[in-house]
Amino acid sequence: MSDVMTLEREVAAAVDDWRALPPEDDAYAVDGIRPRLACAPTSVDELADAVSAAHRAGASVIPRGGGTRMALGLPPRAADLVVRTERVDSIVEYEPADLTVTVQAGIRLAVLQERLRTEGQMLALDPSAADRATIGGLIATNASGPLRLGYGTVRDLVIGTRVVNADGVVSKAGGRVVKNVAGYDLNKLYIGSLGTVGIVVELSFKLHPLPQAQGMVVATFSSVEDAAAAIGEVVRSPLNAAAVELLDSGAAAVVRRDATLPEQGCLLVVAALGFEAAVHRQVRDIRALCRAASDAEAVLDPERVDALWAVLRELPDPSAPDTALLKVAVPSARSAATLSRLRAQATEAGFRPVLLAHAGSGVVYLRLDYPSRDADAAGHLADLVNRARAHARDQGGSLVVEACPAAAKPGLDVWGPPPDGFSVMRALKQQLDPKGTLNPGRYVGGL
Amino acid sequence: MIERHIIPELRRIVGDVGLLTAPEQLRTYESDGLTSYRVVPGVVVLPASTEQVQGIVRVCHRERVPFVARGSGTGLSGGALPHAKGVLISLARMNKILSVDLPNQRIVVEPGVINAHVTQRVATQNYYYAPDPSSQSVCSIGGNVAENSGGAHCLKYGFTVNHVLGLTVVMPDGEIVHLGGATLDQPGYDLPGVFVGSEGTLGVATEITLRLIRKPEAVQMIMAAFHSTDHAGGAVSEIIAAGMLPAAIEMMDHLSIQAVEQATHAGYPTSAGAALLVELDGPTAEVDALIDRAEEICERNGAWQVRRAATADERLLMWKGRKAAFAAMGRISPDYYVQDGVIPRTALPRVLRRIDELAEMHGMRVANVFHAGDGNLHPLVLYDGDVPGAAERAEEVASEILTACVDAGGSITGEHGVGEDKKKHMPKMFNEADLDTMNRLRCAFDPNLLSNPGKVFPTPRLCGERPGPRREHPLVAAGVAEIF
Chain A
1 MSDVMTLERE VAAAVDDWRA LPPEDDAYAV DGIRPRLACA PTSVDELADA
51 VSAAHRAGAS VIPRGGGTRM ALGLPPRAAD LVVRTERVDS IVEYEPADLT
101 VTVQAGIRLA VLQERLRTEG QMLALDPSAA DRATIGGLIA TNASGPLRLG
151 YGTVRDLVIG TRVVNADGVV SKAGGRVVKN VAGYDLNKLY IGSLGTVGIV
201 VELSFKLHPL PQAQGMVVAT FSSVEDAAAA IGEVVRSPLN AAAVELLDSG
251 AAAVVRRDAT LPEQGCLLVV AALGFEAAVH RQVRDIRALC RAASDAEAVL
301 DPERVDALWA VLRELPDPSA PDTALLKVAV PSARSAATLS RLRAQATEAG
351 FRPVLLAHAG SGVVYLRLDY PSRDADAAGH LADLVNRARA HARDQGGSLV
401 VEACPAAAKP GLDVWGPPPD GFSVMRALKQ QLDPKGTLNP GRYVGGL
Chain B
1001 MIERHIIPEL RRIVGDVGLL TAPEQLRTYE SDGLTSYRVV PGVVVLPAST
1051 EQVQGIVRVC HRERVPFVAR GSGTGLSGGA LPHAKGVLIS LARMNKILSV
1101 DLPNQRIVVE PGVINAHVTQ RVATQNYYYA PDPSSQSVCS IGGNVAENSG
1151 GAHCLKYGFT VNHVLGLTVV MPDGEIVHLG GATLDQPGYD LPGVFVGSEG
1201 TLGVATEITL RLIRKPEAVQ MIMAAFHSTD HAGGAVSEII AAGMLPAAIE
1251 MMDHLSIQAV EQATHAGYPT SAGAALLVEL DGPTAEVDAL IDRAEEICER
1301 NGAWQVRRAA TADERLLMWK GRKAAFAAMG RISPDYYVQD GVIPRTALPR
1351 VLRRIDELAE MHGMRVANVF HAGDGNLHPL VLYDGDVPGA AERAEEVASE
1401 ILTACVDAGG SITGEHGVGE DKKKHMPKMF NEADLDTMNR LRCAFDPNLL
1451 SNPGKVFPTP RLCGERPGPR REHPLVAAGV AEIF
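Written as structure tokens, this is what we have:
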């Protein structure tokens, strides 16, 4: 905890737009902990000066983009200065013929996609809340969506970064070309690091052409085993599905308000993207693969495809109020069985779950309505997290609580036990942020 | 010379069969694929297990002896150049495939496994391992991990780092850690992501979990002959602009075609100013439609001959020419010096003209072979090592080519690594703050700087040393520490 007068003086000298936050102001609270100051730099230099000021004053910094994923992580040990990135938001360089773009971290994903679309291109990243989330925040939280099967995740798309280090020094890694092995790949370190080893302020990405056509097959199954068989067929086939999404009956009800799935039933959505003729053929073949095991399967009307994409993307939205969101990773062939098991565990614990699996990747989301008024809710959630985590870890996987109300956090471990290699992680934090300036305590193992 | 007293201890760990000390044996390891740098190692050990690697590294750590890990020794940046006072750890005997899990598309291998053997193991089940450096028939997965190797197909499929899910690593203090694993999105820093491509400076990988990929339903390839690299470059741009993502786009200039055709008889038109190879893969419906479009685009951009590989054998022959390009230079020049610069695709014509200028200015010949889709150039500066000063002039030309690449917004290396060879060029891309941040990462893994010291960084720094004008570290001055 630094001397507030010193911090105010330092910040005032560094940033034009700053303010002291009234003690009752919850707008920037992280897990109920209220920062004392907030600033909104308008340039990389100004942002670096703000961090440098906090570092000198011995204060802690909470980086903040669009604020859609602030529920991720442990409660901070201290929260002095919020550094907002949203006004450092320009497109620095865009050369469509190179299929690369360099942007500042504060740009919103949807804004960037709109610009890229005018050139028939896209950043192949489709997390929830793209209209509010900043690129920097999505990188810090390693957010992804259904397209990860076809295009990979942030680590497959970022080619360069500029960061403000914990002491306010600006450094860069990688570059603006798609192929580059000069120096350590620090880009990878920053992805998913929750801003604990540097604040990413500029990013270069490789881009993809917008697919000319898209098609979706939707199939219902009366049992998860049947769905698993169909998923196996699709994944083993050379059909290059761009997304393979499995929804439980809870999630299917979100997709189709008129859904009449049995309790144990599930819904499979397989998407193909590409050139018109090819997509037509792929969709036909995917449908045939599903047919063997499904109760009913259909090619979705083209005009409904975009709407279904949107639902799939937004189902695991960590910014929804009174919601807990758990992300479970298992070997991909175990996706359907894990979805089924998690559903049973959540139901037993008294929750009404909604489950969605990126079934080609082994990533299962479990979303729960969190009954804040129920005094036992935190305990029930903690029990469920422990049991679900045990199931994931038995298969070599992991569970992260991506969001839950602050009241539930003291009783559960959002990241799980420190992973193998934690001694290296601690040494990295010590090397890159020895004073614990950046998001202290929020990351894995309390780093 | 190495401290002699550690040799009996190393012998106890790896046995007689795993220890080389005779000068003529040691000399075999004096260089990797870049033979212009040679250092005879203090001792060579060939461990057979993770535990043996751990034993060796523990001895090195205790005695503060530097060590260098080596795979097949095909690297082109001197990354496996030994240390005269150090231990060279050859992973060649750790060459087992440990497990295959097709439903989850995973394979676990030891570091000495040859790249091509991974694909061979799963080919009959219609899977393969995507990264395919030209040396794939001999290079090792451990070496690929160290260098983050690419290959012709990384335009579409990415590099080694995109295919490594987990690693067992013997840390520079001898601790064994498991980084990443078989499942995705593991909590914590992406340590496999930073380890891959760290050129042996963060520890020794002893088990590697790789991603396998379903073989595409169809593959089609064309070879197009153009009057000039400018014309071929125009075709590349138009193919990309049409929204295609070919599996590979490779270009060779006139001089390269001469060499390759003499060496391999792959059927490249020797009168062409440039040849383009375009390979498409994916679902049959897509590939069939797009290969026609790629042909049209080549013709529209001035291709005077376009040939489509009718069979898989014909396709492999086309590839053979390209993959043998470096070796084929022997047909037209006694020696060559290869560079690995990268440029944005749009800068291609400009940079190729600059390379021509540089060649002419210095009276040298430069052959160009490159991954045109991702802008990775491999200019081969041809020279005769028997001519006094020729090697130095070749290096001078190569260095200026790298400057041109960086000036165009590119990189000094796309897939060969920095190693010993290009460390002096690092300041062209990275300033003191950038290098200091990288050094901190290194210090988190290897505070005593024992793992492949002296590579990658232009100026050696101890951990805890801050950037700025170089001063002697107090520990060095006091004789307590030594910079390797």
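Which chain is which? The protein sequence lines are A and B, in order. For the first sequence, this note's numbering gives the first residue as 1, with consecutive numbering after it. For the second sequence, this note's numbering gives the first residue as 1001, with consecutive numbering after it. Beta carbons are placed, not taken as given, at the ideal position from N, Cα and C, and that holds for glycine. As the structure is a prediction and not an experimental result, all values here were calculated from the model.
query	result
Spatial neighbours of Met1252/B in its chain, beta-carbon cut-off 6 Å, leaving aside the 5 residues before and after	Ala1275, Val1369
Contact under 8 Å by Cβ, Ala329/A with Thr1183/B	yes
Sufficient close CB pairs (3 or more, under 8 Å) joining the stretch 1184-1195 of chain B to the stretch 1314-1324 of chain B	no
Cross-chain neighbours of Pro419/A in chain B, by beta carbon under 7 Å	Gln1186, Pro1187, Gly1188
Nearest residue (CA-CA) to Tyr1336/B, options Ile1213/B, Ala1325/B, Ala1433/B, Ile1343/B	Ala1325/B
Closer than 8 Å at the beta carbon, the chain B residues around Glu225/A	Residues of chain B passing the Cβ test: none, with the nearest at roughly 15 Å.
C-beta neighbour in chain A for Glu1415/B, strict 8 Å	yes
Cβ of Thr100/A within 8 Å of any chain B Cβ	yes
Amino acids of chain A, ordered along the chain, whose beta-carbon sits closer than 8 Å to that of Ile1412/B	Ala182
Own chain partners of Val1040/B with C-beta closer than 8 Å, once the 5 adjacent residues on each side are dropped	Pro1023, Leu1026, Arg1027, Tyr1029, Glu1030, Pro1082, Ala1084
Selected residue, minimal CA-CA separation from Gly1330/B, among Leu1167/B, Gln1339/B, Glu1261/B	Glu1261/B
Close beta carbons around Met1/A, own chain, < 7 Å, minus the five adjacent residues each side	With a pLDDT of 48 at Met1/A, under the threshold of 50, the predicted position of this residue should be treated as unreliable, though the coordinate-derived value follows. For Met1/A, where only same-chain residues beyond five positions count, the Cβ hits under 7 Å are Ala78.
Between the CA atoms of Phe1067/B and Val1057/B - distance to the nearest angstrom	8 Å
Where Thr134/A sits in the DSSP three-state scheme	strand
Residues bridged to Cys266/A (per DSSP)	Phe221/A, Asp248/A
Neighbour flag for Asn1452/B against chain A, beta carbons, 8 Å	no
Paired residues, beta bridge with Trp18/A - DSSP	Cys39/A
Val1397/B and Val1366/B closer than 8 Å at C-beta	yes
Chain-ordered neighbours of Met1429/B on chain A, where CB pairs are closer than 8 Å	Gly175, Ala182, Gly183
Alpha helix (DSSP H) segment containing Gln345/A, residue limits	335-348
Chain B contacts made by the stretch 93-117 of chain A, where a contact means CB separation under 9 Å	Glu93, Glu95, Pro96, Ala97, Asp98, Leu99, Thr100
Buried or exposed by the 16-neighbour rule on C-beta atoms within 10 Å, applied to Gln963/B	The first residue shown for chain B is 1001 and the last is 1484, placing residue 963/B beyond what the model contains.
Interface partners of Leu239/A on chain B, CB under 7 Å	Pro1283
Buried or exposed (CB count within 10 angstroms, at least 16 for buried), Asn1104/B	buried
Contact set between Gly1158/B and chain A, taken where Cβ atoms lie within less than 8 Å	Gly152, Asp156
Assigned secondary structure, Gln1136/B (DSSP; H/G/I helix, E/B strand, else coil)	coil
Arg1440/B at chain A interface by Cβ criterion, 8 Å	yes
Proximity of Ala346/A and Pro353/A at Cβ, strictly below 8 Å	yes
Residues of its chain near Phe275/A, where Cβ-Cβ distance is below 6 Å and the 5 sequence neighbours each way are ignored	Gln212
Within-8 Å CB hit, Ala228/A to chain B	no
Those runs of the beta strand (DSSP E) which lie wholly inside the stretch 1019-1053 of chain B and span at least 3 residues	1043-1045
Per-residue DSSP class, three states only, for Asp369/A	strand
Alpha-carbon to alpha-carbon, Ile1176/B and Arg1062/B	16 Å
Per-residue burial, Ala110/A [other beta carbons within 10 Å of its own, 16 or more giving buried]	exposed
Close beta carbons around Val981/B, own chain, < 6 Å, minus the five adjacent residues each side	In the structure as shown, chain B starts at 1001 and stops at 1484, and residue 981/B therefore has no counterpart that could be examined.
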